[in-house]
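Below: one structure, written as structure tokens.
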Amino acid sequence: MLGHDIIVVGASAGGVEVLTQLVASLPENLPAAIFIVIHLSATSKSFLPEILNRNGKMHAAHARDGEAIVPGRIYVAQPNYHLLVKRGYIRLVQGPKENGTRPAIDPLFRTAAKAYDRRVVGVVLSGTLDDGTAGLIDIKQRGGVAVVQHPNDALFSGMPKSAISHVEVDHILPVSAIAPVLVSLAHEPIVEPGALSVNSDSEREMEPDIVELDGMALRERGHPGTASGLTCPDCGGSLFQLHERKNLLQYRCRVGHAFSAESLVAVANCKHREIKLQTRQF
2 MLGHDIIVVG ASAGGVEVLT QLVASLPENL PAAIFIVIHL SATSKSFLPE ILNRNGKMHA
62 AHARDGEAIV PGRIYVAQPN YHLLVKRGYI RLVQGPKENG TRPAIDPLFR TAAKAYDRRV
122 VGVVLSGTLD DGTAGLIDIK QRGGVAVVQH PNDALFSGMP KSAISHVEVD HILPVSAIAP
182 VLVSLAHEPI VEPGALSVNS DSEREMEPDI VELDGMALRE RGHPGTASGL TCPDCGGSLF
242 QLHERKNLLQ YRCRVGHAFS AESLVAVANC KHREIKLQTR QF
């Protein structure tokens, strides 16, 4: 009988340190595949797989588009690509940014939940703002398990605090205690459900795969929610408010850029600072 064999992990600021500590305690023969998104700039080079291989027993590598999912492997998101989990394989896409970043944590969590339901464990580690919270809600709604690093243990507590505030988290732990829980969950038998009680709202049903669509396909789908009166800081288009879940406000434009309320403010402020800097240079 299958265990919780799909483990998705999200981290941002302070993430390399905590991921290094986490993988050092995982066994080589873990009967689960691990997928990691850590926020990266589009032009940066990621050395995370090499770092994880030096410190852990499981084999880590950058994920490849179309690659089959194999237990005992760690798949790391590449810069400038969303990492998505499909049933049995991986997708890498350059879809619209979410929460101002690509790769983003929410698309990884959403697609894993859509593909594997109760077999998924979502892990939120150190980071600022709230990427990963919406995706963790999806995992819980489909019967998965939510694990969050204790905010007092995180170098940056924003992401853990957000997840705890909006999600019914199963385990809130220091990083030193997370690996044993993941090992236990991977060996814990689960019963594949016939049908789950999931919100089948149309905008939520289309969302797990929305980052795979190009701008034209998204525009043909019409408005993604209700008009908010706000403007997308990434493209200047109108933002629409999505169905609110667990008191978490989310917005998306017709191009597909998506934001939580907190990330929307952060990205807008960043764009404003960039414009002011450019103006001064002239």
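Going by my numbering, the residue at position 203 of the sequence shown is 204; the numbering climbs one at a time, nothing skipped. Note that the Cβ used here is the ideal one computed from N, Cα and C, for glycine as well.
{"Check": "Please confirm whether V148 and V122 have their CB atoms less than 8 Å apart.", "Outcome": "yes"}
{"Check": "Just the C-alpha distance for S26 and A64, rounded to the nearest angstrom, thanks.", "Outcome": "22 Å"}
{"Check": "The beta strand (DSSP E) with T232 in it runs from where to where?", "Outcome": "227-232"}
{"Check": "What residue from Y117, V170, T102, L53 has the CA that sits closest to I91's CA?", "Outcome": "Y117"}
{"Check": "Are the stretch 28-37 and the stretch 67-82 touching, with three or more C-beta to C-beta distances below 8 Å?", "Outcome": "yes"}
{"Check": "Count the other CB atoms, across all protein chains shown, that sit within 10 Å of the CB of I37; report buried if there are 16 or more and exposed otherwise.", "Outcome": "buried"}
{"Check": "Using 8 Å as the Cβ pair cut-off and three pairs as the minimum, do the stretch 122-139 and the stretch 2-21 touch?", "Outcome": "yes"}
{"Check": "Could you tell me which residues DSSP puts in a beta bridge with V256?", "Outcome": "Answer is none; V256 lacks a bridge partner."}
{"Check": "To the nearest angstrom, how far is the alpha carbon of K272 from that of G238?", "Outcome": "14 Å"}
{"Check": "Just to confirm the assignment: which complete alpha helix (DSSP H) runs, minimum length 4, are found wholly within the stretch 132-186?", "Outcome": "134-142, 159-167"}
{"Check": "What residue does the beta strand (DSSP E) around V17 start on, and which one ends it?", "Outcome": "Unbroken run through V17 is the alpha helix (DSSP H), 16-24; no beta strand (DSSP E)."}
{"Check": "In whole angstroms, give me the CA-to-CA distance for H83 and M2.", "Outcome": "31 Å"}
{"Check": "Look at the alpha carbon of Y252 and the alpha carbon of S45, and state the distance between them as a whole number of angstroms.", "Outcome": "27 Å"}
{"Check": "Quick check: what's the CA-CA separation for R88 versus I276?", "Outcome": "43 Å"}
{"Check": "My guess is that E169 and K141 are in contact by the Cβ rule of under 8 Å, so how many angstroms apart are they, rounded?", "Outcome": "6 Å"}
{"Check": "My output table needs one value for E213: the three-state DSSP class, helix, strand or coil.", "Outcome": "helix"}
{"Check": "Closest to Y254 by CA distance: which of L130, V176, F157, L231 is it?", "Outcome": "According to the sequence shown, residue 254 is Cys rather than Tyr. Of the candidates L130, V176, F157, L231, the one whose C-alpha sits nearest the C-alpha of C254 is L231."}
{"Check": "With a Cβ-Cβ cutoff of 8 Å, do T129 and H167 count as a contact?", "Outcome": "no"}
{"Check": "Under 8 Å Cβ to Cβ from H151, same chain only, skipping five residues before and after it: list those, please.", "Outcome": "P161, I173, L174, P175"}
{"Check": "Taking 8 Å as the cut-off, decide whether the C-beta atoms of R119 and G96 are in contact.", "Outcome": "no"}
{"Check": "Classify G112 as helix, strand or coil using the three-state DSSP reduction.", "Outcome": "Note that residue 112 is Thr in the sequence shown, not Gly. Correct three-state label for T112: helix."}
{"Check": "Note down, one range per segment and in chain order, each alpha helix (DSSP H) of at least 4 residues found wholly within the stretch 24-110.", "Outcome": "49-56"}
{"Check": "From the DSSP secondary-structure annotation, give me the bridge partner or partners of S239.", "Outcome": "T232"}
{"Check": "Do the CB positions of S163 and D131 come within less than 8 Å of each other?", "Outcome": "yes"}
{"Check": "Let me know if V192 comes out buried or exposed under the rule of 16 or more other beta-carbons within 10 Å of its beta-carbon.", "Outcome": "exposed"}
{"Check": "Between A228 and H244, what straight-line distance do the alpha-carbon atoms span, to the nearest angstrom?", "Outcome": "12 Å"}
{"Check": "Buried or exposed for R103, please, with buried defined as at least 16 other CB atoms from any protein chain shown within 10 angstroms of its CB.", "Outcome": "buried"}
{"Check": "Compare the C-alpha of P225 against each of A259, S42, C236 and name the closest.", "Outcome": "A259"}
{"Check": "Three-state secondary structure (DSSP) at L265?", "Outcome": "helix"}
{"Check": "Quick one: Cα of A61 to Cα of L137, how far?", "Outcome": "23 Å"}
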